[in-house]
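Participant:
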Amino acid sequence: MIPYGRQEITQQDIDAVVQTLQSDFLTQGPQVPAFEQALMAHTGAKHALVANSATSALHIACLALGLGPGDWLWTSPITFVASANCGLYCGAQIDFVDIDPKTYNLCPKALADKLAVAKEQGKLPKILVPVHLCGQPCEMEAIYNLAREYGVKIIEDASHAIGGKYQGAPVGNCQYSDITVFSFHPVKIITTAEGGAALTNNDDLAQKMSLYRSHGITRDQSLMTELSHGGWYYQQIELGYNYRMTELQAALGISQIQRLDEFVAKRHKLAERYNTQLANLPLTLPYQLPNTYSGLHLYVIRLQLDNINKSHAEVFRQLHEKGIGVNLHYIPVHTQPYYQNLGFRVGDFPEAEQYYKVAISLPMFHTMTHEQQDQVVNALTEILGQ
Ligand SMILES: *Cc1c(COP(=O)(O)O)cnc(C)c1O
Numbered sequence: 001m002i003p004y005g006r007q008e009i010t011q012q013d014i015d016a017v018v019q020t021l022q023s024d025f026l027t028q029g030p031q032v033p034a035f036e037q038a039l040m041a042h043t044g045a046k047h048a049l050v051a052n053s054a055t056s057a058l059h060i061a062c063l064a065l066g067l068g069p070g071d072w073l074w075t076s077p078i079t080f081v082a083s084a085n086c087g088l089y090c091g092a093q094i095d096f097v098d099i100d101p102k103t104y105n106l107c108p109k110a111l112a113d114k115l116a117v118a119k120e121q122g123k124l125p126k127i128l129v130p131v132h133l134c135g136q137p138c139e140m141e142a143i144y145n146l147a148r149e150y151g152v153k154i155i156e157d158a159s160h161a162i163g164g165k166y167q168g169a170p171v172g173n174c175q176y177s178d179i180t181v182f183s184f185h186p187v188k189i190i191t192t193a194e195g196g197a198a199l200t201n202n203d204d205l206a207q208k209m210s211l212y213r214s215h216g217i218t219r220d221q222s223l224m225t226e227l228s229h230g231g232w233y234y235q236q237i238e239l240g241y242n243y244r245m246t247e248l249q250a251a252l253g254i255s256q257i258q259r260l261d262e263f264v265a266k267r268h269k270l271a272e273r274y275n276t277q278l279a280n281l282p283l284t285l286p287y288q289l290p291n292t293y294s295g296l297h298l299y300v301i302r303l304q305l306d307n308i309n310k311s312h313a314e315v316f317r318q319l320h321e322k323g324i325g326v327n328l329h330y331i332p333v334h335t336q337p338y339y340q341n342l343g344f345r346v347g348d349f350p351e352a353e354q355y356y357k358v359a360i361s362l363p364m365f366h367t368m369t370h371e372q373q374d375q376v377v378n379a380l381t382e383i384l385g386q
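Counting from 1, one number per residue, gives the positions in the sequence shown under the working numbering.
Right, dumping it as structure tokens:
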């Protein structure tokens, strides 16, 4: 089965991890700050905090921005559940902004309309989480301008988008957001097995996220309520978590990030090949927003079902039968049973639901060979009866 995504582990990666395994520190040593430095160097952000997952990074980002009961967090319905769950962890309420049917990202026009209504109702969100689906950056300048106008904070969920660019600058520089989050899950662009990061240009947010990442404990005298009792002394000043990344993971991340640009360039080559070879099939190919460079975590096609005498599910199943491990990103979050129990209904976000009825993620990983890609194209061509 050709998977929809997979990692590449080289001897250099293995050596980096083994060396760390044989070093003095398995956690809380020099590799984590070194990986954070590499992330800052790549993005240009002032601070980077790595965590044991992007989900944890989203949680500490929400906490640092002060999200709590009585607050609202808005995100896109077409995302992994973690983009919304982070708000629920903080006791906040969730709402969604429908997608743009061209980019599949949160639609700035829908956002503008919804903010205007929310303002009248006194229910403006504290935090908006735009998700760079497939690695394609959201229209951040428009989103940022709206957020400033209404006093909303922004966390970019860039789990798909490390290595991408917006207006020529790296995703993660936080020019149009308070915090940006990356994921290093193995299907993503670079991996630390499990892992994530939160980046920010704001010193106060960085300090808060650092506290929440590790039990709310500090050894910084300037944050303490009384003088240190001695060299052993620390204070717990917040309720934090243990969301730390290990040294082994950080060593893998440092090794992987050196190849990031190469990984993304190879994904672009594969995408161009798909674009050419699939051009005459009854499909809608990915749209690329001008002035953006996608991280290309995913390559999503939409079936033109009117021109295909099979259902979406049939096409999906037949691709699997031919050894093509396609996937679907994502089931609209508001239709998940947990979210329906919170009051959401099928029909609430029509563009997201329409996308879900026709979308398929084709295999996309930088080590995919042309032979593998041809297999995907041939299978799809046969199934669609061309
Ligand atoms: C993968 C993913 C996450 C969660 O990442 P983890 O590192 O697995 O916690 C969050 N949001 C999006 C959009 C993702 O794709």
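Quick reminder that beta carbons are idealized off the backbone N, C-alpha and C, glycines included.
Note that the coordinates shown come from a computational prediction; the quantities given were computed from them, not determined experimentally.
Looking at C-alpha atoms only, which residue of Pro286, Ala193 and Tyr287 is the closest neighbour of Glu247?
Facilitator: Here residue 247 is taken as the residue at index 247 of the sequence shown, counted from 1. Of the candidates Pro286, Ala193 and Tyr287, the one whose C-alpha sits nearest the C-alpha of Glu247 is Ala193.
Participant: Between Leu39 and Gly151, what straight-line distance do the alpha-carbon atoms span, to the nearest angstrom?
Facilitator: One-based indexing of the sequence shown puts residue 39 at position 39. One-based indexing of the sequence shown puts residue 151 at position 151. Between the alpha carbons of Leu39 and Gly151 lies a distance of about 28 Å.
Participant: What do you get for His74, buried or exposed, if any count of 16 or more other CB atoms within 10 angstroms of its CB means buried?
Facilitator: Reading the sequence shown from its first residue, position 74 is the one you call residue 74. A small correction: the amino acid at residue 74 is Trp; His does not occupy that position in the sequence shown. Burial call: buried.
Participant: What is the chain-ordered set of residues for which the beta carbon lies under 6 Å from any non-hydrogen atom of ligand 1?
Facilitator: Ser53, Ala54, Thr55, Thr79, Phe80, Ala82, Ser83, Val131, Asp157, Ser159, His160, Ser183, His185 and Gly196
Participant: Quick test of your reading: Leu296 and Arg267, contact by CB under 8 Å. State the CB separation rounded to the nearest angstrom.
Facilitator: In the sequence shown, counting from the first residue as 1, residue 296 sits at position 296. In the sequence shown, counting from the first residue as 1, residue 267 sits at position 267. Confirmed, Cβ separation roughly 4 Å.
Participant: Should the stretch 269–279 be called in touch with the stretch 351–370, which here means at least 3 C-beta pairs below 8 Å?
Facilitator: yes
Participant: So if DSSP puts Tyr299 in a beta bridge, which residue, or which two residues, is it bridged to?
Facilitator: Sequence index remark: in the sequence shown, residue 299 carries index 299 (1-based). Bridge partners of Tyr299: Leu362.
Participant: Is Gln288 helix, strand or coil when you go by DSSP?
Facilitator: By one-based count along the sequence shown, residue 288 stands at place 288. In the structure shown, Gln288 sits in coil (DSSP, three-state: anything other than H, G, I, E or B).
Participant: Leaving out five residues before and five after Gly216 in sequence, what residues of the same chain have Cβ atoms less than 8 Å from its Cβ?
Facilitator: As a first step, residue 216 must be located in the sequence shown, where it is residue number 216. Contacts found: Gln236, Ile237, Glu238, Leu239 and Gly240.
Participant: For Gln7, count neighbouring Cβ atoms within 10 angstroms of its own Cβ and tell me buried if that reaches 16, exposed if not.
Facilitator: Translated into the one-based positions of the sequence shown, residue 7 becomes position 7. Gln7 comes out buried.
Participant: As an exercise, report each continuous alpha helix (DSSP H) stretch of at least 4 residues that is fully enclosed by the stretch 44–92, in chain order.
Facilitator: 54–64 and 82–89
Participant: Please classify Thr191 as buried or exposed, where buried requires at least 16 neighbouring CB atoms within 10 angstroms.
Facilitator: Position 191 of the sequence shown, counted from the start, is the residue given in the question as residue 191. When all chains shown are included, Thr191 counts as buried.
Participant: Please return the same chain residues whose Cβ sits closer than 7 Å to the Cβ of Asn307, not counting the five positions on each side in sequence.
Facilitator: The sequence position of residue 307 within the sequence shown is 307, counting from 1. Pro282.
Participant: Since Thr276 is in the alpha helix (DSSP H), which residue starts that stretch and which ends it?
Facilitator: Here residue 276 corresponds to residue number 276 of the sequence shown, with the count starting at 1. Leu260 to Gln277 is the span of the alpha helix (DSSP H), which, as asked, contains Thr276.
Participant: Going residue by residue through the stretch 123–162, where are the continuous alpha helix (DSSP H) segments of at least 4 residues, counting only ones entirely within it?
Facilitator: 140–150
Participant: What is the residue span of the alpha helix (DSSP H) that Val181 lies within?
Facilitator: On the sequence shown, residue 181 is found 181 positions in, with the first residue counted as 1. That residue, Val181, is in no alpha helix (DSSP H); its beta strand (DSSP E) goes Ile179 to Ser183.
Participant: Select from Lys153, Phe184 and Gln175 the residue whose C-alpha is nearest the C-alpha of His160.
Facilitator: Locating residue 160 in the sequence shown gives position 160, counting from the first residue. It is Phe184.
Participant: Under 8 Å Cβ to Cβ from Asp261, same chain only, skipping five residues before and after it: list those, please.
Facilitator: Translated into the one-based positions of the sequence shown, residue 261 becomes position 261. Taking C-beta separations shorter than 8 Å and ignoring five residues to either side along the sequence, the partners of Asp261 in its chain run Gly163, following chain order.
Participant: In angstroms, rounded to a whole number, what distance separates the CA positions of Leu128 and Ile179?
Facilitator: Residue mapping note: residue 128 aligns to position 128 of the sequence shown, counting from 1. Residue mapping note: residue 179 aligns to position 179 of the sequence shown, counting from 1. Here the alpha carbons of Ile179 and Leu128 stand approximately 11 Å from one another.
Participant: Would you mind sorting Met245 into buried or exposed? The rule is 16 or more other CB atoms within 10 Å of its CB.
Facilitator: Here the question's residue 245 lines up with position 245 in the sequence shown. Met245 should be labelled buried.
Participant: Between the Cα of Val97 and those of Ala110, Tyr104 and Asn85, spot the shortest distance and give me the residue it belongs to.
Facilitator: Here residue 97 refers to the residue found at position 97 when the sequence shown is read from its first residue. Checking every option, the nearest Cα to that of Val97 belongs to Ala110.
Participant: What three-state label does DSSP hand Tyr233 in the structure shown?
Facilitator: Counted from its first residue, the sequence shown places residue 233 at position 233. Coil at Tyr233, not helix or strand.
Participant: If you reduce the DSSP assignment to three classes, tell me which class Ala188 lands in.
Facilitator: Indexing the sequence shown from 1 puts residue 188 at position 188. With the sequence shown as reference, residue 188 is identified as Lys, and Ala is not the correct amino acid for it. DSSP places Lys188 in coil when its eight states are reduced to three.
Participant: List the residues that DSSP assigns as beta-bridge partners of Pro170.
Facilitator: For the purposes of this step, residue 170 is taken as the residue at position 170 of the sequence shown. Answer is Lys165, bridged to Pro170.
Participant: Between the alpha carbons of Gly325 and Pro108, how many angstroms are there, rounded?
Facilitator: Sequence index remark: in the sequence shown, residue 325 carries index 325 (1-based). Sequence index remark: in the sequence shown, residue 108 carries index 108 (1-based). If you take the alpha carbons of Gly325 and Pro108, they lie about 33 Å apart.
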